[in-house]
Each structure stands twice: as C-alpha cells, then as structure tokens.
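This report refers to the structure that appears directly beneath it.
Protein chains: 2
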Amino acid sequence: MTNARTTRAADAGTPQATRGRPIVVTAEHIEAVALRLWSERGFHEVSVAEVAAEVGVTARTIFRRYPTKADIVWGPLTASFQILTEALEQTSPRAPLLGRARTALVGMIRDGDTDPTARHRIRIVGRTPELQSSTSAPFLLWRQSLYDFAVAQPGVDDLRAQVFAWSAQSTALAGLIWWVTQDPGTAPWQAVDEAFAHLMD
Amino acid sequence: MTNARTTRAADAGTPQATRGRPIVVTAEHIEAVALRLWSERGFHEVSVAEVAAEVGVTARTIFRRYPTKADIVWGPLTASFQILTEALEQTSPRAPLLGRARTALVGMIRDGDTDPTARHRIRIVGRTPELQSSTSAPFLLWRQSLYDFAVAQPGVDDLRAQVFAWSAQSTALAGLIWWVTQDPGTAPWQAVDEAFAHLMD
DNA sequence: TGCTTTGCGTCACTCTATGACATAAAGAGC
DNA sequence: GCTCTTTATGTCATAGAGTGACGCAAAGCA
C-alpha cells in the first residue's frame, strides 16, 4: 500500500522562501481563481493554462507548485491526513474500530469546515467523478492513515485492515458526494455521520 | 450517479463487421500483447503507441477500439456488471443486503475466473494504483449495479444505497488487491469472500 | 559589488485522447 | 467484372496534462 507517491502531497502549497526570489502569487490566490473558474464552468472544461493566465503566471509555474491539476482543488485539505492520524489515536480504545473511524473522520471534516473554501472544494469534487478517484491525494492518504491505525491494533491482520481502510474511506466519500446533492442547509460532517450510521447498522 | 459515460464500456471489444472492411487484429491479440508488455514492464512504463507498434497497428486504431488505455486491461471483464446485476437478483431476498452483495460479487469473480487472462488482468490492476480508480469502468459499473439494486429495495433511501454500493464495491476491490500480494495458490474469489467476512463481522 | 539561493519564463518533448479526412477492403446489386 | 455502400484503418493536426533543461529575475548575504 505504501509507495513513493505518498509524499507528493507535501510538495503542494506555498513555498517558504527566506533567501531567494519571493513567490509572485500566493497559493491562496491561485486556488481562489481556480475554484471560481471550475465551479463556474467545470473542472474538465477549464485547463490549467487558462487558470494560470487568469492568475498571471505560466502553467509551468502552477505545475511546479502543485504535482497535479487535482491537487489545486484539494489545497490545504491535503494535509488533513495528519489531523486524521491524530484524531484516530484520540478516540476511545474501547469503541469498535468503525466507530473510532467514524468519530475521527467526522471530527476532521467538522473542524476543517472552518476554512471558508472547504465546502467549495468538496462541491467541485462531488461534481467531478475523476476527482473521486481512490488515488486522489487525500483519499489515498486517509486510507493510509486508516490502514496504519487498524493494522497496529491487536488481532487485526492485513486483509482486515485493508478492508477497514477501504470501507471507512469510501463511506466518508459517499457521504460527501451525497452531501453535494443536498440543500445547502446541512453541514458536510452531518452527511458523513449519517453515512456511517447506515454502514454500521 | 448516472452519466453518459456509463455506456462507454459498450464501445470496447471487437467490432462485428458483416459488410465493410474486416478488422486487422482481434481484440484478443491486442489485449494479449498489451497484457504481456504491461506485466513485464509496468502499465505506466509502456505507452499505447508501443503496444500498437508491437501489434502492428497505429495508436489511433487502439483508441478507436478502446475508449481509454485502462479499458484494454479490463477487456471482456468490463461487461461483468451485467452478470453482477443478474446475480444480485438471484440471491435470496431474505438475506441481508451485504450478504447478497457478497454472494453476487464472489460468484461473478469465481465464474469469470474461467477466462485464462482474468487473473493476469487483476494482477496488473493490483499493481497499478491508477487503475484502482473509483472511476475505472468496471468499478463504476459495479457500483452502479449495486446502487440500482439497493435503491429498489423497500425502506432503502438514497444515502443508504450509496453507502452500500461504495462499501461493497471497495471491499471487493480491497480483496482483489490483497489477493495480488498472496501466493498464487489461492483464487481471487476466495480473497473477496474473506474480505466480506471481515466487513460483516 | 559579487555570490548564493530560490522562483519563474521559455522551449522542447512525451503521452493520452480526439476530430477530420483520405484510403483500403470487404459485401451487395447490376 | 464493375459500381455503390459499409466499415476499418492510416495520416495529420490538435488539445491538454505533465516533465526536464536552461537561463534569467530577484531576493538575502558577505
């Protein structure tokens, strides 16, 4: 399950230059423009070159800052796997595994909802099937976190940990995708919580 | 969940020409060459142009017969969603939903195992993360079948059906990926059956 | 004023995928 | 045999996602 690409997420985001030439545009600005264009006209319909031109840089610069086009959508949410890893450890050891995953994932999504762009990002993902790929940076990392957590528990073999990681991750994804179709009154974490309620019946 | 791309799978495979120019190479030959090259050197490492050259056609011809590079790997397995749909209907209506999914998926994979290339295809998928995408033709179609089946049951709302479809599909996938890492003695359907046993504990 | 460090533009290139157009090869009807 | 139609393929051009190489720009530092 581990591979070299796991570290790709760390490449994204704003470089922290103290000595050399400072960056021309912030990651926030790039992502704001990209999110606006993609929510207006669709992820597939607007190319990276077009986003770059609107921002005022070259496509080459975008691809130096983000490993893939999809990573622009995820932005700071890519680092959420660290929060998930910690949240999993903080759940009650006496609760069942899926319950602990539910608590951690719902908490992570609820806390991440303070970012005003978070819902915007989720909506674009929910409307773009190719972004729902299991190999998308966050989903891959969530699954890795869930797997690492599960496999460290006593009496959990490899296959069981894999199944746990896959089903927990895709249940969260199912909840998020379903949330996109709902009226804007509800919160994403509520949809994920409901999704887990259905899984655990 | 439904979109126009669902029908793309029907494009793949050998054309059935009765009047015009006959095809130069069969789908079996194309897939045999592609599977050999990709298992030897990796899916990402061998381009479609290289496969086409080895077969004796142009890359344009390959992309006319297969909608994407990934569809060459899946080949006849793409049509397995029809078998899955029928298998789901034939399960006992008194069994729980996940149990019915387990029976249908395991049966489908067991029956498909008579194709001598089936295991070969699964191994390439298991070793290639980008082929494990939720938007890969077969996984998308499996999930669609599972969703359609679940949502037609009394008392199953949309979110519940989505969660059911996602978790059943990804449990099968987890089993298949795990099987690739095992010694060749076991059968793929056994790994999937074990995966479901873990999910349903 | 150099020197080093870091970000960016430019250019060239690969690979997947698609549209347009011409051509090849079969069957059907005469 | 000769057209006409049908279907598959080759060729060419193009778009879009990435990537490597190279040089320049702009900052801090000695």
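Chains as they are written, first to last, in the UniProt record's numbering: chain G, 1 to 201; chain L, 1 to 201. Cβ atoms here follow ideal geometry from the backbone N, Cα and C, with glycine treated the same way. Fair warning: this is a prediction, and the values are worked out from it, not measured in the lab.
Item, Value
"Could you please give the first and the last residue of the uninterrupted alpha helix (DSSP H) stretch that includes residue 177/L?", "158 to 180"
"Note down, in chain order, all residues in the region 115 to 138 of chain L with a beta-carbon under 8 Å from any beta-carbon belonging to chain G.", "129, 130, 132, 133, 134, 135"
"Along the region 35 to 47 of chain L, what residues have a CB closer than 9 Å to any CB found in chain G?", "none"
"Taking 8 Å as the CB-CB limit, is residue 6/L close to chain G?", "Residue placement at residue 6/L is poorly supported in this model, since its pLDDT is 28, which falls under 50; the coordinates still yield a value, given next. Residue 6/L does not count as touching chain G."
"Is it right to say residue 183/G is buried, meaning 16 or more other beta carbons lie within 10 angstroms of its own, or is it exposed?", "exposed"
"How big is the Cα-Cα spacing for residue 117/G and residue 38/L?", "41 Å"
"I need the boundaries of the alpha helix (DSSP H) containing residue 37/G, first residue and last residue.", "27 to 41"
"Can you tell me where the alpha helix (DSSP H) with residue 85/G in it begins and where it stops?", "80 to 90"
"How should residue 196/L be labelled, buried or exposed, when 16 other C-beta atoms within 10 angstroms of its C-beta is the threshold for buried?", "buried"
"Using CA coordinates, which residue listed in 42/G, 72/G, 46/G is at the minimum distance from residue 26/G?", "72/G"
"Examine the Cβ distances between the region 37 to 54 of chain G and the region 86 to 102 of chain G and report whether three or more of them are shorter than 8 Å.", "no"
"Can you check which of these residues, 193/G, 61/G, 168/G, 188/G, is closest to residue 199/L by C-alpha distance?", "168/G"
"Tell me which residue opens and which closes the alpha helix (DSSP H) that residue 61/G is part of.", "59 to 65"
"Using three-state DSSP, classify residue 45/G as helix, strand or coil.", "coil"
"List, from N- to C-terminal side, the alpha helix (DSSP H) runs of 4 residues or more that fit wholly inside the region 96 to 140 of chain L.", "97 to 112, 118 to 127"
"State yes or no: is the C-beta of residue 146/G within less than 8 Å of the C-beta of residue 165/G?", "yes"
"Measuring straight from C-alpha to C-alpha, what distance separates residue 176/G and residue 191/G?", "6 Å"
"Quick one: which chain G residues come within Cβ less than 7 Å of residue 163/L?", "171, 174, 195, 198, 199"
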